[in-house]
Every structure is written in structure tokens, then in C-alpha cells.
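The block underneath contains the structure these notes are about, expressed in C-alpha cells.
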Amino acid sequence: MNGLATHRVLGWLEGLGRITLLGVEAARSLISQRVDWRGLTYQLYFIGVKSQSVVLITGAFTGMVLCAQTYFQFHKVKMDTATLAVVSVAMGSELGPVLTALMVAGRVGAAMAAELGSMRVTEQIDALRTLATHPVDYLVVPRLSATVLALPLLTAESIAVGILAAYTVGTTLLGIDHAYAWHNMLKYTQPQHVVMGTIKAVVFAAVLALISCYKGMNCREGAEGVGRATTEAVVYSSITILISNFFLTLFLTRLLGA
Amino acid sequence: MIETRRLKKSFGPQRVLDGVDLRVEKGESVVIIGRSGGGKSILLKHLIGLLSPDEGDVLIEGESVAWMSERQLLGVRRKFGMLFQGAALFDSLTVAENVAFVLQREGRLTESEIGKKVDEALAMVDLGGTQDKKPAELSGGMRKRVGLARAIIYQPQIVLYDEPTTGLDPIVADSIDQLIVRVRERLEVTTVAVTHDMRSARRIGQRILMLHQGRIHFSGTPEEIFQSKDPVVYRFVNGVSDPKEPHF
Ligand SMILES: Nc1ncnc2c1ncn2[C@@H]1O[C@H](COP(=O)(O)OP(=O)(O)OP(=O)(O)O)[C@@H](O)[C@H]1O
Ligand SMILES: [Mg+2]
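First to last, the sequence lines map onto chains A and B.
Residue 116 in our numbering sits at position 116 of the first sequence; the count goes up by one each step and never skips.
Residue 317 in our numbering sits at position 59 of the second sequence; the count goes up by one each step and never skips.
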């Protein structure tokens, strides 16, 4: 039992180390190698453009439900006009980045792990290496950089849509006074909330792209291996996003102020 | 040119290579034969640094590659072309993009020059007109020939072929054998080919090595191997097995 636990912890640490090394290699490649515009454009299209519907729906419905529930509680203490302020801060610094990253992890992370995993299983990654191409240059860097570019934009979009949806629901359906609501929202939403959301989106993007690429490139043999790599990519990315979000909030609040 | 020293490799408890020593001179053509599952593909992958040995060393032009980092290896690998047993074509790219892969990444030629080279290479393996197909739309034998075109188009100095003619009909197999010989003669390419097909081995190889139980069991010219009285070699060359009774 003790041996098993040690084994698992060591395995986990080893994985963490290897993912970090992959990140370092990718960063080095990004600096020293020519940019693969074709790969980058394709990945940007796939990650950024094709995630639109998922991100819009996530943003809009989260904003609306958050608005409704906040209003129901605040209404009891006659604080109706503070509703949108809560929605905007929560969306901007917590829910927007986290939920967008989770949705993108489910869609894009899974696709990355499955694609790289089946490339590995069919020896395509080995073939790439024999053709004097580093798999990190050709496969990881375009995916990583496209995710890091696209996710903050997707997050901003989801936050904006969420606030807009909340405003619409709040002022029409729930009857909140729109001038006061808007005024309070602007008053309590600070630049650091926006900065925090953006920094988080960048970190989450790197985390999910690196974990998914790592899982794909180190996939075990066979269809079962690819399936497992895909599941693990999504699960580990999601969990890492949730856990790191907590620590990022603490750390960034210290750094930027609440 | 290529040398391995006491090369050992295990997968779990299974020892696949158990001290392989081989030497291939520049411009030479060597065929490796051996039983299925005997470790021939694994040996080839060591020569090009796709796998690192548990023990021993691999030298390419005197340079030890067994412990190089992936980046250092890229330069060495540019000297190599490799045909995989399962072709290993990139299935998201078309046939033409597969064949053009290295040329396109190096970016020294213009698009039209690359296109012309690709057309020539595909014609050479009898696949003119398949440029825009995806690998999934090809038969196994066709894929193998695309893999061959991809491996030789950038004129490597060493080409490793893993079962180049398996799964091809006898006529195409013969043309591929001849192509391999011509590539070697024309470009003075060092050739290492793995095959089960003794006819093909005789045509391609100046020297034949037999891998048996993780070592080089026999090394000699095609004549020597076909006349060998060694029981292991004799049985392989003439296809003699211990028949097994079905007990169902
Ligand atoms: N990734 C791996 N993990 C574990 N064992 C492996 C792996 N790859 C190969 N092996 C084992 O190594 C042995 C040699 O495999 P290899 O593919 O080199 O055989 P081969 O001589 O090329 O056979 P064939 O002629 O059928 O292609 C096999 O017994 C196989 O089970
Ligand atoms: Mg093999």
C-alpha cells in the first residue's frame, strides 16, 4: 500500500517534470526556429474560430444564471442594483477564464491528444523525426502558440457576452434599474479584474495545450492507448485549471490588489 | 559508415537485441533477414536514433548517435531516408505533401521546382496521378511506394528500407527492387534493407546478414547464404518449418 502510494506520487512528479521539459523545449523552439505560419494559421482557425459557438453559449448562459441567482438573493436585502457588479467581477476574473478554459480543454485538448496520439501509434511521429523535423517544432509549437493567442480572446469574448446577457436579463426580465446597475458595475469593476482574467487565460492556455500535447505524444499503443490519452488530457487539464485558478487568484490579488 | 557495437535492447523482460555488431561501408548494400518478431525493425530504428539502446553504441560516420539529444540528431538524420514497415504516411497531408515534406520545410526550392520533383518521384514508383489523394484512399502497397518516394526524394546518403516489397504484387516488387538498386548505383547511397523475401534479398543485397536470437548469426554474400549448411540459415532460406498438428 505504502509502496503503491510512493509509486503513484513518483509517477505524478515524473509526469510534471516531463511536461515542464516539454514547455521549456517548446519555448526554446519558439525563440530559435522559424515560425510555421501555415501550421499556426490552421491551429488558430481550429482553436479560435471553431470554438465560437461553445464559448458564446458558455458565456451567455453563465452570465444569465449568475445574474438571476445574485438578483434573487440581493433582492431580499434591497441591493438589486449591485447585481451586475457581482456578475461583472465574477465573470471577469473567475468564471469567464475558468469556464472558457474548461470548455476549450474539452474540445481542443481532446482533439490534440487524440490527433497526436494516433500519429504516435501509427509511427507518424517517428516518421517526422526521420525527416529531420523535431516533433516539438512541427506539432507542439503551433498548437501551443495558437492556444495562447486564442484563449485570452475567447475568454474576453465570453466575458463580454456574459455581461451583456446578464444586463439584458437583469433589466428586462428582472426589472433592475438599468442606469444604477450600469453605474455600479463600472464602479466596482476595476482594471485589475480584467488583467487578472487575461493572465489566467494565458496560463490556462499554456497548461491545457502542454498537457494535451504531452498526453498525445506519450500515448500507449493501440486504439485503447489513444482513448486513454484523450480522456487523461481532458481530465488532467481540467483539474489543473481548477486548482491553479485558486492559487492564481490568491497570488494575483496580492500582486494587483483586490 | 554505419557501425553498431554490442547493441542491446530489451522491452520489459524480453531481450530483443542481445549484442548486435555490424558494419556497413559507404555505398554498400546490406540486407538483414530474420524471423518475424526477431527485432529487425527495432535494429533499424536504432541506426537512425529513433530508439536508444540499453547498452552499446551506434556510430554514423564515426559519430556516436546513441546518446545524442533530439536536436543534435536532426542534423544526422538529414543524411538518412527511411521507409517504415507500415509506410507511416502523414494522414492529414496529401500524397504530394507527404513526398514534398522535407523539401518544403527546407524551403530552398520554389513551389514549382518542388512540384516537378514530386511528380518525378511519384512516377518513379509508378504512382503518377495520385498527388492529390489522401493516404487513406490508397492501398497498402501504394502507401508503401509513397513512403519510398518520400524517403529518397531529398537524396539522402543512407537509406533504410523496412520490408520494401512486402505486400506488393510480384511485378511491382521487382520494379521496387530495381529502383532500390538504381538509387544505390546512381547516387552511391548506402543501403540497409530488411526483408523476408529471399528473391528480393538476392537482388538488392551485396551482403546478407541474418539476425537470430538478438545477434548477427550469419553474414555473407548472397551466394554464400544460399549455399550455407548452417541449420538456422538453411531452414530460413529454404522455408522449412516444424509442422504443428492442430489440436482443437
Ligand atoms: N514498443 C514495444 N514494446 C514492447 N515490445 C516491443 C515493442 N516494439 C517491438 N517489440 C518487440 O520486439 C520484438 C521485435 O520486434 P520487431 O518489430 O523488430 O520485429 P521484426 O523482426 O521487425 O518482425 P517483422 O518481420 O514481423 O516485422 C517483437 O517480439 C516485439 O514483441
Ligand atoms: Mg519489422
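No residue lacks a Cβ here, since even glycine has one placed at the ideal position from N, Cα and C.
Small disclaimer: the values here were computed from a predicted structure and weren't measured.
Within-9 Å CB hit, Glu319 of chain B to chain A: no
Closer than 9 Å to chain A by CB, Phe359 of chain B: yes
Proximal chain A residues relative to Gly344 of chain B, where beta-carbon distance stays under 8 Å: Thr122 and Glu123
Bounding residues of the alpha helix (DSSP H) (the contiguous stretch that carries Lys76 of chain A): Boundaries of the alpha helix (DSSP H) harbouring Lys76 of chain A: Gln52 to Lys76, taken from the DSSP string.
Backbone CA spacing between Val357 of chain B and Asp455 of chain B [nearest angstrom]: 26 Å
Where Lys200 of chain A falls: helix, strand or coil (DSSP): helix
Of the residues A:Arg129, A:Phe204 and A:Asp80, the one placed nearest Gly96 of chain A, counting alpha carbons only: Selected option, being the one with the closest Cα: A:Phe204.
Close beta carbons around Leu317 of chain B, own chain, < 6 Å, minus the five adjacent residues each side: Glu261
Whether Val278 of chain B touches Arg293 of chain B by CB criterion (9 Å): Their beta carbons are not under 9 Å apart, which means Val278 of chain B does not touch Arg293 of chain B by this criterion.
For Gln272 of chain B, the residue or residues it bridges with in DSSP: B:Phe269
Collapsed DSSP secondary structure at His505 of chain B in the structure displayed: coil
Where Ser350 of chain B falls: helix, strand or coil (DSSP): coil
Contact list for Arg363 of chain B against chain A, beta-carbon separation under 7 Å: Thr133, listed in chain order.
Shell residues, 6 Å Cβ cut-off relative to heavy atoms of ligand 2: B:Lys298, B:Ser299, B:Gln343 and B:Asp420
Between the CA atoms of Arg38 of chain A and Thr130 of chain A - distance to the nearest angstrom: Between the alpha carbons of Thr130 of chain A and Arg38 of chain A lies a gap of roughly 21 Å.
Ala223 of chain A at chain B interface by Cβ criterion, 9 Å: no
Identified DSSP bridge partners for Tyr419 of chain B: B:Leu341 and B:Ala451
Pair within 9 Å by beta-carbon distance, Val289 of chain B and Val450 of chain B: yes
Under 8 Å (Cβ pairs) to chain A, residues found in the segment 328-342 of chain B: Glu328, Arg329, Leu331, Leu332, Gly333, Arg335, Arg336, Phe338, Gly339, Met340 and Phe342
Val439 of chain B beta carbon less than 9 Å from that of Pro414 of chain B: no
beta-carbon His470 of chain B near ligand 1 non-hydrogen atom, thresh 8 Å: The answer is no for His470 of chain B.
The segment 416-425 of chain B in contact with the segment 396-404 of chain B per 3-pair CB rule at 8 Å: Touching, yes, given that three or more Cβ pairs across the two stretches are closer than 8 Å.
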